[in-house]
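So for the sequence shown, the working numbering puts the first residue at 835; every next one is plus one. Following: one structure in structure tokens, then a few remarks.
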Amino acid sequence: MFADHNERPARARYSVDIYSQNSNSWQQKEILPWQIHLIRGYHPHISHSYTGFLVNESLYWKTWYINNDKEIHAILRFDTLNEKFDVILSPDNEHDYDLVVFKGHLCLVEYDKLGHIDMWTRAVGKNQNWIKFMKLPPCENVSPYVRLALICSMKEDEILASIRQLFISLHSRRKKKFLWYSPEAKTYKKIHICNTMKHFNKEIKEITYTDSFVSP
835 MFADHNERPA
845 RARYSVDIYS
855 QNSNSWQQKE
865 ILPWQIHLIR
875 GYHPHISHSY
885 TGFLVNESLY
895 WKTWYINNDK
905 EIHAILRFDT
915 LNEKFDVILS
925 PDNEHDYDLV
935 VFKGHLCLVE
945 YDKLGHIDMW
955 TRAVGKNQNW
965 IKFMKLPPCE
975 NVSPYVRLAL
985 ICSMKEDEIL
995 ASIRQLFISL
1005 HSRRKKKFLW
1015 YSPEAKTYKK
1025 IHICNTMKHF
1035 NKEIKEITYT
1045 DSFVSP
């Protein structure tokens, strides 16, 4: 990121450099438009993480985007085949969201104040409009200061999720909890971590496996 003093007032801009293993060198590919205000990764504990999602040969990041002089939530996409960027507007530009990969598709997860979770995906075709395909109920006996972070889908469409503290502390990182959600029964079930893990005085993190050499 750098300050573009050709703009008045000066604006922050992103410069994109791509590393090639073939030539063992970096190449400046593009300077993103100033409307792309802030790129945000999905890492639950690092507010300035730039880690994206790789889905169908494209990388995706959450971003703030200036649209008609208004700052809105959007998604930045980088097509790794033609090495081009574009911006995808979210279904509701007013609310924050998370990005997840569900059954090989990029999905948008939206939260409301009552604890419901809406899951959206883009339709296949020319228009690629957002479609809401699942609504998760609030999880009982969960503090209002936590959020369910969806990790991945499992057999029979069950969803693995972790309980993410909105206000992070070292204690909360060591006491991380995981849940199964069954869309058929519409119920949550706690997952107990192996007792040997509790003896390590370290933070517990979850990651999803991606079978690719592309590094977001």
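Think of the CB as a built atom: it goes at the ideal place given N, C-alpha and C, for glycine as much as any other residue.
Three-way DSSP call (helix, strand, coil) for E917 in this model: Within the sequence shown, the letter at position 83 stands for residue 917. Coil, per DSSP.
Neighbour-count burial assignment, H1051, 16 or more Cβ in a 10 Å radius: Because the chain is modelled from 835 through 1050, residue 1051 falls outside the range shown and cannot be assessed.
Our contact map puts K1011 next to K1020 with C-beta atoms below 8 Å; I'd like the distance itself, whole angstroms only. Taking the sequence shown and counting its residues from 1, one reaches residue 1011 at position 177. Taking the sequence shown and counting its residues from 1, one reaches residue 1020 at position 186. K1011 to K1020, Cβ: 20 Å. No contact.
Leaving out the 5 sequence neighbours to the left and right, which residues in its chain are closer than 6 Å to T897 when beta-carbon positions are compared? Numbered from its first residue, the sequence shown carries residue 897 at position 63. Excluding positions up to five away in sequence, the list reads I870, I873, A908 and L910.
Terminal residues of the beta strand (DSSP E) in which D946 lies: Counted from its first residue, the sequence shown places residue 946 at position 112. From DSSP, D946 is part of no beta strand (DSSP E); its letter is neither H nor E.
With DSSP as the reference, label A846 as helix, strand or coil. Here residue 846 is taken as the residue at index 12 of the sequence shown, counted from 1. If DSSP states are grouped into helix, strand and coil, A846 belongs with the strands.
Inter-residue Cα distance where the pair is S924 and W964: Translated into the one-based positions of the sequence shown, residue 924 becomes position 90. Translated into the one-based positions of the sequence shown, residue 964 becomes position 130. When rounded, the distance between both Cα atoms is 8 Å.
Do L984 and C973 have their C-beta atoms within less than 8 Å of each other? In the sequence shown, residue 984 corresponds to position 150, counting from 1. In the sequence shown, residue 973 corresponds to position 139, counting from 1. No, Cβ-Cβ distance for L984 and C973 is not below 8 Å.
What residue does the beta strand (DSSP E) around N902 start on, and which one ends it? As a first step, residue 902 must be located in the sequence shown, where it is residue number 68. Taken as a continuous stretch (DSSP letters only), N902 belongs to no beta strand (DSSP E), as it is neither H nor E.
C-beta atoms of L942 and W954 nearer than 8 Å: Your numbering for residue 942 matches position 108 in the sequence shown. Your numbering for residue 954 matches position 120 in the sequence shown. Taking 8 Å as the Cβ cut-off, L942 and W954 qualify as a contacting pair.
Within-8 Å CB hit, D903 to chain D: Given the protein chain composition of this structure (a single chain), no chain D is represented.
Going by DSSP, which residues form a beta bridge with K969? Residue mapping note: residue 969 aligns to position 135 of the sequence shown, counting from 1. Note: K969 sits in a beta bridge opposite D952.
How about S892 and F912: do their beta carbons lie closer than 8 Å? As a position in the sequence shown, residue 892 is number 58, starting the count at 1. As a position in the sequence shown, residue 912 is number 78, starting the count at 1. Yes, Cβ-Cβ distance for S892 and F912 is below 8 Å.
So for E990, helix, strand or coil by DSSP? Numbered from 1 along the sequence shown, position 156 holds the residue referred to as residue 990. Helix at E990.
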